[in-house]
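Below is one structure, written out as structure tokens, with a few remarks after it.
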Amino acid sequence: MTASLSGGLALAVMVSTDTAPTSAASVAANSADAAAVRGKDPLPNRPDFRLPFPCGVKVLAQTYPGHDKDGKKIDMLRYGMEWNSPITASASGTVHQHFSPGGIEIRHGKGWFTTYMHMKKRVKVGSKVKRGDIVGYMSDVGSKGRPHLHYEQLYAPGKNDADNQHMVRAIIQGRGPLDMYKETPIKNWKSTNCKSPAPKKYYVVTKAKTSGYTSPKSNKRVGYLNKGKNYVFCTAPGISKTLPKPKTTSKWWLKTDLDSGQTGRWVPAAYLGKGSGQPKDIKGKTIPRCK
Ligand SMILES: [Zn+2]
Numbered sequence: 010m011t012a013s014l015s016g017g018l019a020l021a022v023m024v025s026t027d028t029a030p031t032s033a034a035s036v037a038a039n040s041a042d043a044a045a046v047r048g049k050d051p052l053p054n055r056p057d058f059r060l061p062f063p064c065g066v067k068v069l070a071q072t073y074p075g076h077d078k079d080g081k082k083i084d085m086l087r088y089g090m091e092w093n094s095p096i097t098a099s100a101s102g103t104v105h106q107h108f109s110p111g112g113i114e115i116r117h118g119k120g121w122f123t124t125y126m127h128m129k130k131r132v133k134v135g136s137k138v139k140r141g142d143i144v145g146y147m148s149d150v151g152s153k154g155r156p157h158l159h160y161e162q163l164y165a166p167g168k169n170d171a172d173n174q175h176m177v178r179a180i181i182q183g184r185g186p187l188d189m190y191k192e193t194p195i196k197n198w199k200s201t202n203c204k205s206p207a208p209k210k211y212y213v214v215t216k217a218k219t220s221g222y223t224s225p226k227s228n229k230r231v232g233y234l235n236k237g238k239n240y241v242f243c244t245a246p247g248i249s250k251t252l253p254k255p256k257t258t259s260k261w262w263l264k265t266d267l268d269s270g271q272t273g274r275w276v277p278a279a280y281l282g283k284g285s286g287q288p289k290d291i292k293g294k295t296i297p298r299c300k
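First residue of the sequence shown? That's 10 in the working numbering, and the numbers climb one at a time after it.
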């Protein structure tokens, strides 16, 4: 995107260095972004955008009079960290452009883009980023002495690049569409830009080497899982299978990573040699059904 920005910024509220937000208003802002949703998204396929700051960080979001009075541009500050805060991708995508001052644009797919400005140490053009990955650091590039992040969401379906004309009212963490002129500033807004946790593993003992399958309802073999202690993620019913010894028949299957290298494949729970019920791990905990 091409940037048309601002020389001197006159931010209405500066970051305080020792903020411990405890007011009722801040509690409200932190606890329930959902409560701030004002209706359906007027645009299709918008990613689940999060604040472009690490998980748990508290942000002041506002605009300033130098912005056009369209309420779409957002300036963000981090409480307690005026300089050098990591800036994180609001959703997954590809960094397809650098622009001045200190800006990047990320293409998220299905017509959606976000821009981040005034940063230093930007990630390279071409970088594929996941939500929560660091894309640069808060600085004052093009806004001397006033470190902040300028953030925009843009919608340009069918285009590989978005421009100012494609800027839309942001929806962040379910809050919006935002009109920053009407609601400036939003204080103590807590980032939920958290990396998705690694899937929980349950340990089991398989009594024999078994084939892996593409699904619990498929006879297509795609590798093998060795006998012994193995981890699995979850369980689901499917085709009934029988382990010859000890003779065990079960319709339950286990999702796991195979020893032959394929990840997220399926093995029959009959190979645990433990009967026909929903399988349990070695601690006796029932393995949850896959979602
Ligand atoms: Zn700005």
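Backbone N, C-alpha and C fix where the C-beta goes; we use that ideal spot for every residue, glycine too.
- DSSP, read as helix, strand or coil, puts Asn-173 in helix.
- Looking only at Thr-265, Lys-218, Met-128 and Lys-229, the smallest Cα-Cα distance to Trp-92 is reached by Met-128.
- Ser-269 counts as exposed, since fewer than 16 other beta carbons sit within 10 angstroms of its beta carbon.
- Note: Ser-259 is bridge-paired with Lys-250 in the DSSP secondary-structure output.
- Between the region 240-250 and the region 213-230 there are three or more inter-stretch CB-CB distances shorter than 8 angstroms, so the stretches are counted as touching.
- According to the DSSP secondary-structure assignment, Ile-115 is paired through a beta bridge with Val-104 and Thr-123.
- For Glu-161, the enclosing beta strand (DSSP E) starts and ends at 158-164.
- Between Thr-103 and Asp-84, the C-beta gap is not smaller than 8 angstroms, which leaves the two residues out of contact.
- For Met-147, the uninterrupted beta strand (DSSP E) segment begins and ends at 143-147.
- Pairing Lys-236 with Leu-163, the inter-Cα distance amounts to about 52 angstroms.
- When secondary structure is reduced to three states using DSSP, Tyr-212 falls in the strand class.
- When only Cα atoms are considered, Arg-116 and Lys-218 end up about 45 angstroms apart.
- Contact between Leu-263 and Thr-244 holds, with the beta-carbon distance rounding to 6 angstroms and staying under 8 angstroms.
- Within 7 angstroms of the C-beta of Asp-84 there is at least one heavy atom belonging to ligand 1.
- Here the alpha carbon of Gly-75 sits roughly 15 angstroms from the alpha carbon of Tyr-160.
- The beta carbon of His-117 sits no closer than 7 angstroms to any heavy atom of ligand 1.
- Cβ contact annotation for Gln-182 (same chain, cutoff 7 angstroms, sequence separation greater than five): Asp-42, Arg-59, Leu-60 and Thr-201, in chain order.
- Distance between Val-68 and Ile-195, taken at the CA atoms: about 8 angstroms.
- Taking the CA atoms as reference points, Leu-86 sits about 7 angstroms from Ala-70.
- Apart from sequence neighbours up to five positions away, the residues of its chain that approach Thr-265 with a beta-carbon distance below 7 angstroms are Leu-234, Asn-239, Tyr-240, Val-241, Phe-242, Arg-274 and Val-276, ordered along the chain.
- Beta-bridge annotation (DSSP): Pro-95 is paired with Tyr-146.
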